[in-house]
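S.K.:
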Amino acid sequence: MLSRAEAEYRRAFADGLRPDPLLTVSQWADQHRMLDRRSSPEPGQWRTRRVPYLREIMDNLSVSSPVQETVVKKAAQLGFTEAGNNFVGYVIDHAPGPGLFLEPSQDIANRNVRQKIDPMIQATPALARKVPAKRSKDGGNTLEEKEFPGGIWLFKWASSTAGLRSSSIRFLVLDEIDEYAGEVGDQGDPEMLARARTNAFGARKKVYIPSTPTVEGRSRIAALHEDSDQRVYRMPCPHCDQPIGFEFANLVWDKGRPETVRYVCPECGGAIQEWQKTRMLEEADVRNLAGDNRYGWVPQRPEVTHRRGYHISGLYAPVGFKSWAEIAKEWGDAQGSSVKLKAFVNTVLAETWKDKGEAPDWLRLYNRMEDYPANVVPAGGLLLFAGVDVQKSWLEVVIYAYGRNLERWVIDHRQYHCPEGLTTDDEQHPESPWRKLDALLAETWPHAHAGVCMQLSKLAIDTGYATQTVYRWAARHGMARVMPVKGHPTLHMTVGTGSPVQVKADGRKAPRGVKKWDVGLHVIKSELYAQLQVEPPAPGDPMPMGFTHFPQLDEEFFRQLCGEVAKTAKVKGRAVTLWEPIRNRVEVLDCTVYARAAAYLYGVDRFGAADWHEIEESLGIGLDDVEQEKPAVSQPESRPEERRPSRYWGRR
Numbered sequence: 011m012l013s014r015a016e017a018e019y020r021r022a023f024a025d026g027l028r029p030d031p032l033l034t035v036s037q038w039a040d041q042h043r044m045l046d047r048r049s050s051p052e053p054g055q056w057r058t059r060r061v062p063y064l065r066e067i068m069d070n071l072s073v074s075s076p077v078q079e080t081v082v083k084k085a086a087q088l089g090f091t092e093a094g095n096n097f098v099g100y101v102i103d104h105a106p107g108p109g110l111f112l113e114p115s116q117d118i119a120n121r122n123v124r125q126k127i128d129p130m131i132q133a134t135p136a137l138a139r140k141v142p143a144k145r146s147k148d149g150g151n152t153l154e155e156k157e158f159p160g161g162i163w164l165f166k167w168a169s170s171t172a173g174l175r176s177s178s179i180r181f182l183v184l185d186e187i188d189e190y191a192g193e194v195g196d197q198g199d200p201e202m203l204a205r206a207r208t209n210a211f212g213a214r215k216k217v218y219i220p221s222t223p224t225v226e227g228r229s230r231i232a233a234l235h236e237d238s239d240q241r242v243y244r245m246p247c248p249h250c251d252q253p254i255g256f257e258f259a260n261l262v263w264d265k266g267r268p269e270t271v272r273y274v275c276p277e278c279g280g281a282i283q284e285w286q287k288t289r290m291l292e293e294a295d296v297r298n299l300a301g302d303n304r305y306g307w308v309p310q311r312p313e314v315t316h317r318r319g320y321h322i323s324g325l326y327a328p329v330g331f332k333s334w335a336e337i338a339k340e341w342g343d344a345q346g347s348s349v350k351l352k353a354f355v356n357t358v359l360a361e362t363w364k365d366k367g368e369a370p371d372w373l374r375l376y377n378r379m380e381d382y383p384a385n386v387v388p389a390g391g392l393l394l395f396a397g398v399d400v401q402k403s404w405l406e407v408v409i410y411a412y413g414r415n416l417e418r419w420v421i422d423h424r425q426y427h428c429p430e431g432l433t434t435d436d437e438q439h440p441e442s443p444w445r446k447l448d449a450l451l452a453e454t455w456p457h458a459h460a461g462v463c464m465q466l467s468k469l470a471i472d473t474g475y476a477t478q479t480v481y482r483w484a485a486r487h488g489m490a491r492v493m494p495v496k497g498h499p500t501l502h503m504t505v506g507t508g509s510p511v512q513v514k515a516d517g518r519k520a521p522r523g524v525k526k527w528d529v530g531l532h533v534i535k536s537e538l539y540a541q542l543q544v545e546p547p548a549p550g551d552p553m554p555m556g557f558t559h560f561p562q563l564d565e566e567f568f569r570q571l572c573g574e575v576a577k578t579a580k581v582k583g584r585a586v587t588l589w590e591p592i593r594n595r596v597e598v599l600d601c602t603v604y605a606r607a608a609a610y611l612y613g614v615d616r617f618g619a620a621d622w623h624e625i626e627e628s629l630g631i632g633l634d635d636v637e638q639e640k641p642a643v644s645q646p647e648s649r650p651e652e653r654r655p656s657r658y659w660g661r662r
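Note that my numbering numbers the sequence shown so that position 132 is 142, with each residue one more than the last.
1. Using the Cβ count rule (16 or more neighbours within 10 Å means buried), how would you classify residue 228?
2. Between the Cα of residue 113 and the Cα atoms of 341, 187, 87 and 57, which residue gives the shortest distance?
3. Considering only their Cβ atoms, is the gap separating residue 427 from residue 403 smaller than 8 Å?
4. Alpha carbon to alpha carbon, how far is residue 225 from residue 364?
5. Quick test of your reading: residue 614 and residue 410, contact by CB under 8 Å. State the CB separation rounded to the nearest angstrom.
6. Could you tell me whether the Cβ atoms of residue 49 and residue 115 are closer together than 8 Å?
7. Tell me, please, whether the region 484 to 492 touches the region 463 to 472 by the rule of three or more beta-carbon pairs shorter than 8 Å.
8. Pull up the DSSP beta-bridge partners for residue 509, would you.
9. Please classify residue 285 as buried or exposed, where buried requires at least 16 other C-beta atoms within 10 Å of its C-beta.
10. Taking C-alpha atoms, which residue in 204, 507, 218 and 352 lies nearest to residue 529?
11. Between residue 36 and the rest of its own chain, which residues show a CB-CB distance below 6 Å, the 5 nearest in sequence each way excluded?
12. Smallest Cα separation from residue 323: which of 424, 101 and 259?
13. Should residue 124 and residue 241 be called a contact, given that it needs their Cβ atoms to be closer than 8 Å?
14. Rounded to the nearest angstrom, how far is the Cβ of residue 531 from that of residue 497, given a contact under 8 Å?
15. Please confirm whether residue 458 and residue 389 have their CB atoms less than 8 Å apart.
16. Quick one: Cα of residue 361 to Cα of residue 271, how far?
17. Can you give me the C-alpha to C-alpha distance between residue 639 and residue 387, rounded to a whole angstrom?
18. Roughly how many angstroms separate the alpha carbons of residue 406 and residue 190, rounded to a whole number?
19. Going by beta-carbon coordinates alone, are residue 401 and residue 597 separated by less than 8 Å?
20. When the Cα atoms are used, what is the spatial distance from residue 433 to residue 443?
21. Among 414, 424 and 416, whose alpha-carbon lies nearest the alpha-carbon of residue 408?
22. Which same chain residues end up closer than 8 Å to residue 248 when comparing Cβ atoms and leaving out the 5 residues on each side of it in sequence?
23. Go through its chain and collect everything with a Cβ distance to residue 82's Cβ below 6 Å, but skip five positions before and after it.
24. Relative to the alpha-carbon of residue 540, which residue among 499, 349 and 265 has its alpha-carbon at the smallest distance?
25. In angstroms with no decimal places, state the Cα-to-Cα distance between residue 88 and residue 217.
26. Three or more C-beta pairs under 8 Å: does that hold for the region 121 to 139 against the region 91 to 111?
27. Excluding five sequence neighbours on each side, which residues of the same chain lie with their C-beta closer than 6 Å to the C-beta of residue 483?
28. Specify, as a first and last residue, the run of the alpha helix (DSSP H) that residue 287 falls within.
29. From residue 343 to residue 624, what distance separates their C-alpha atoms?
30. Determine the DSSP secondary structure at residue 221, reduced to helix, strand or coil.
31. If you check the beta carbons only, do residue 542 and residue 375 fall under 8 Å apart?
32. Have a look at 142, 136 and 180 and flag the residue whose alpha-carbon is nearest the alpha-carbon of residue 107.
33. Are residue 382 and residue 504 touching if we call contact CB-CB under 8 Å?
34. If distances are taken between C-alpha atoms only, which option among 417, 339, 239 and 292 comes closest to residue 316?
35. Can you list, in chain order, the stretches of the alpha helix (DSSP H) that have 4 or more residues and sit fully within the region 37 to 114?
36. Between the Cα of residue 446 and those of 476, 418 and 398, spot the shortest distance and give me the residue it belongs to.
Next up, the structure:
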């Protein structure tokens, strides 16, 4: 007869020998995942039934699932990154092995760890006891690495060559893949490099790729989804019980009243109110789990078996997330603005944007020149940015003033010619264009508001020609105001991460280095040409975002500004959009792109009303002053031959 203590000991010993129950990712999350107040608007226990469309996607990532690759073409803010975080927790606690979580940039990767991964580990006891404390002497818990018994998660970014080579990876998350750079240095495509790390695990690998799409012809996620079984989420209509999906064409509302929005069932015509969506989502999940494959995720191409693909728009967002009324309002607000419309199509509808790639008519822009004087900052202009293109024997410069809503004004266009020789010659020559560029940084411009003078906030200069000369010049002035740049045709962001470069003088390395910034040519040119297509607003109407004003300039300025078109081409087997010149010279366009990059790096895209107000106060300009002094946009009815040539063309 065993004593009670001995019986308890034997029972505990037997429990220790028994293997853990085989869980799916969704089951693990429902049992263990905790959401804290810092990282979630709905803290507490994770509930998959709150976002039932995530269940199948998470369960694909379970070690018991035969699915190797899951791609999701998705709208923003639907929980798919959280599904990836659940995958991270599941691997740490239940299926240890090596994993890589790849983000578009270092900033995003570090932010995800600080704001999502670390709080998840701290709030979830099953994880906290397996990942070392941050202050542990053993280490193993940093922004880039999380070690745990039997495995490690690496949190890297697409431009990191070190993060994309060496050790093998079983679990791979490629988050927001459409924002990845086209190549990592001379190493190759980051997606391919990351995938290569999973080869050693064969059929046991798990690859998860959630991303919002971008532009047709260069969207990675759209290409992957196209080559998949293309699943859509079907739910029972509350009126006819037929399986339906949510499509934007069936979302209707009374004109000018987004609060009246409802969804019209394509089967019976019944009006579905948004509050009914909760039951529809849950019921689809329940019926699918019961074996009714007409509901839940239904493949449109069941013959494709190598990749599961999913498409989901913002209309599926659970009640409490972005509402249908907000979506209807965003649609209305986007009309007339190709920039806002593109964002709506990408982030709400989860569709690619078809970029026309057409240059605006230079004559139309020429004929809308205004009468404000060059080299005087008009009312509304609050920051000055310059773009510099380096040619063999001269420097091309275009200066822009930026204001609220990214409205901008051309302030001047200049050419600094070499007195003799090339721009790579002696930089200290009294008439050297580099000395004139020195003077440009010290120059001040009067503002239309009397008594106010301004200097350049930032200057971006191309490094494609006379590279070391540019680096030396930039090093003399420091990175606060000078930004060496290199145009990148396949970079999927406005400006990439700055990378240190070596500065040489007299064949030796100079003590002061600089950073070079990659500039997304397609991103900026697409935005610019879309904004230049917009007509001036009627009197009293708000100015469109990014509207550009022009003083009296030469025809050549406008011909160069409109001198390229976008075309789709195959590069290393992948469809990319490349810009091709339709005329010999396009320096004005290049300078405009660089000035836009300078404004972006300065932070104008993130500025809110308070930031612009602070700048106005620093200049001694009140908002009322700006509105009163702001001139109306004029559109003279004249032809090129009737206009006088600009006296500012070729100014030195």
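Virtual Cβ for every residue (Gly too), placed ideally from N, Cα, C.
M.R.: From the atom records:
1. Within the sequence shown, numbered from 1, the residue matching residue 228 stands at position 218. By the 10 Å Cβ count, residue 228 comes out buried.
2. In the sequence shown, the residue the question calls residue 113 occupies position 103. The residue with the shortest Cα to Cα distance from residue 113 is 187.
3. The residue given as residue 403 occupies position 393 in the sequence shown. The residue given as residue 427 occupies position 417 in the sequence shown. Going by C-beta atoms, residue 403 is nearer than 8 Å to residue 427.
4. In the sequence shown, the residue the question calls residue 225 occupies position 215. In the sequence shown, the residue the question calls residue 364 occupies position 354. Distance between the alpha carbons of residue 225 and residue 364 is about 6 Å.
5. Here residue 614 refers to the residue found at position 604 of the sequence shown. Here residue 410 refers to the residue found at position 400 of the sequence shown. Wrong, their Cβ atoms sit about 11 Å apart, outside the cutoff.
6. For the purposes of this step, residue 49 is taken as residue 39 along the sequence shown, with counting starting at 1. For the purposes of this step, residue 115 is taken as residue 105 along the sequence shown, with counting starting at 1. No; because the gap between Cβ atoms is not below 8 Å, this pair is not in contact.
7. yes
8. In the sequence shown, counting from the first residue as 1, residue 509 sits at position 499. Looking at the DSSP output, residue 509 shares a beta bridge with 526.
9. Position 275 of the sequence shown, counted from the start, is the residue given in the question as residue 285. Under this definition residue 285 is an exposed residue.
10. By one-based count along the sequence shown, residue 529 stands at place 519. Closest option to residue 529, Cα to Cα, is 507.
11. Residue mapping note: residue 36 aligns to position 26 of the sequence shown, counting from 1. Around residue 36: 58, 65, 68 and 69.
12. Residue numbering aside, residue 323 sits at position 313 when the sequence shown is read from its first letter. For the residues 424, 101 and 259, the minimum Cα distance to residue 323 belongs to 259.
13. The residue labelled residue 124 in the question sits at position 114 within the sequence shown. The residue labelled residue 241 in the question sits at position 231 within the sequence shown. It is not a contact, given that the beta carbons lie outside the stated cut-off.
14. As a working note, residue 531 is residue 521 in the sequence shown. As a working note, residue 497 is residue 487 in the sequence shown. Correct: roughly 5 Å between the Cβ atoms.
15. Along the sequence shown, one-based indexing puts residue 458 at 448. Along the sequence shown, one-based indexing puts residue 389 at 379. Contact flag set, yes.
16. Within the sequence shown, the letter at position 351 stands for residue 361. Within the sequence shown, the letter at position 261 stands for residue 271. Approximately 21 Å between the Cα atoms of the pair.
17. Taking the sequence shown and counting its residues from 1, one reaches residue 639 at position 629. Taking the sequence shown and counting its residues from 1, one reaches residue 387 at position 377. Note that residue 639 has pLDDT 49, beneath the 50 cutoff, so the model's placement of it is unreliable and the number below is only indicative. Cα-Cα distance, rounded: 12 Å.
18. Here residue 406 refers to the residue found at position 396 of the sequence shown. Here residue 190 refers to the residue found at position 180 of the sequence shown. Each residue's Cα considered, the two are about 31 Å apart.
19. Within the sequence shown, the letter at position 391 stands for residue 401. Within the sequence shown, the letter at position 587 stands for residue 597. Yes; because the gap between Cβ atoms is below 8 Å, this pair is in contact.
20. As a position in the sequence shown, residue 433 is number 423, starting the count at 1. As a position in the sequence shown, residue 443 is number 433, starting the count at 1. Going from the Cα of residue 433 to the Cα of residue 443 covers about 7 Å.
21. Residue 408 sits at position 398 when you count from the first residue of the sequence shown. For residue 408, the nearest C-alpha among the options comes from 424.
22. Residue numbering aside, residue 248 sits at position 238 when the sequence shown is read from its first letter. Taken in chain order, the residues that qualify are 280, 282, 286, 289 and 290.
23. Translated into positions along the sequence shown, residue 82 becomes position 72. Excluding sequence neighbours, residue 82 sits near 90, 220 and 320.
24. To locate residue 540, count along the sequence shown from 1; it is residue 530. Here the closest residue by C-alpha is 349.
25. Here residue 88 refers to the residue found at position 78 of the sequence shown. Here residue 217 refers to the residue found at position 207 of the sequence shown. Spanning the two alpha carbons is a distance of roughly 19 Å.
26. yes
27. Working through the sequence shown from its first residue, we reach residue 483 at position 473. Hits under 6 Å: 444.
28. Walking along the sequence shown from the start, residue 287 turns up at place 277. Here the alpha helix (DSSP H) through residue 287 covers 287 to 299.
29. In the sequence shown, residue 343 corresponds to position 333, counting from 1. In the sequence shown, residue 624 corresponds to position 614, counting from 1. So the two alpha carbons sit approximately 27 Å from each other.
30. Walking along the sequence shown from the start, residue 221 turns up at place 211. Three-state DSSP puts residue 221 in a strand.
31. What you label residue 542 is simply residue 532 of the sequence shown in a count that begins at 1. What you label residue 375 is simply residue 365 of the sequence shown in a count that begins at 1. The answer is yes: Cβ separation under 8 Å.
32. Working through the sequence shown from its first residue, we reach residue 107 at position 97. When each option's Cα is compared against that of residue 107, the closest is 180.
33. What you label residue 382 is simply residue 372 of the sequence shown in a count that begins at 1. What you label residue 504 is simply residue 494 of the sequence shown in a count that begins at 1. Cβ atoms of residue 382 and residue 504: not closer than 8 Å.
34. For the purposes of this step, residue 316 is taken as residue 306 along the sequence shown, with counting starting at 1. With distances taken between Cα atoms, residue 316 lies closest to 239.
35. 65 to 70 and 90 to 103
36. Working through the sequence shown from its first residue, we reach residue 446 at position 436. Among 476, 418 and 398, the Cα nearest to that of residue 446 belongs to 398.
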